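Here the working numbering is used: the sequence shown runs in plain steps of one and ends on residue 55.
Yeah, the Cβ is synthetic: ideal placement off N, Cα and C, and Gly gets one too.
Remember, it's a predicted structure, so these values are computed and weren't measured experimentally.
Notes follow once the structure below has been shown.
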Amino acid sequence: MVHVWFEYRDEYCFDGKFHKQECIVSSVEECIKIYGLDNCEYHIIKVEEE
Numbered sequence: 006m007v008h009v010w011f012e013y014r015d016e017y018c019f020d021g022k023f024h025k026q027e028c029i030v031s032s033v034e035e036c037i038k039i040y041g042l043d044n045c046e047y048h049i050i051k052v053e054e055e
C-alpha cells in the first residue's frame with residue numbers, strides 16, 4: 006500500500022486553484038484511476054510506502 010498526496014485542478018475548480026487530497030491505495034496508478042486524474046491537471050506531491 007502507498008500513501009499518496011496529490012493536488013488536482015478540474016472543471017469544478019472555479020477559482021482556478023489546485024485542490025489537495027490524499028489517499029491510501031495499492032499503487033499510484035490506482036490513485037490516478039480512482040480519482041480520474043488522467044482527465045484533469047494534477048501533480049503527485051508525495052508518495053510513502055505503508
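Checklist entry - histidine 26 to phenylalanine 19, Cα distance in whole Å? => result To locate residue 26, count along the sequence shown from 1; it is residue 21. To locate residue 19, count along the sequence shown from 1; it is residue 14. Contrary to the premise, residue 26 reads as glutamine rather than histidine in this sequence. The alpha-carbon atoms of glutamine 26 and phenylalanine 19 are separated by roughly 17 Å.
Next on the checklist: If contacts are defined as beta-carbon pairs under 8 Å, then isoleucine 78 and phenylalanine 11 qualify, I think. What distance do you get, rounded to the angstrom?
Outcome noted: No statement about residue 78 is possible, as the shown extent of the chain runs from 6 to 55 and does not include it.
Next on the checklist: Can you tell me which residues form a DSSP beta bridge with phenylalanine 11?
Outcome noted: Taking the sequence shown and counting its residues from 1, the one referred to as residue 11 is at position 6. Answer is Gln26, Ile49, bridged to phenylalanine 11.
Next on the checklist: Determine whether the beta carbon atoms of glutamate 55 and isoleucine 37 lie at a separation below 8 Å.
Outcome noted: Within the sequence shown, residue 55 is the residue found at index 50, counting from 1. Within the sequence shown, residue 37 is the residue found at index 32, counting from 1. Not in contact: glutamate 55 and isoleucine 37 (Cβ atoms no closer than 8 Å).
Checklist entry - Do you know how far the Cα of tyrosine 47 is from the Cα of glycine 21? => result Residue mapping note: residue 21 aligns to position 16 of the sequence shown, counting from 1. Residue mapping note: residue 47 aligns to position 42 of the sequence shown, counting from 1. Roughly 13 Å between the two C-alpha positions.
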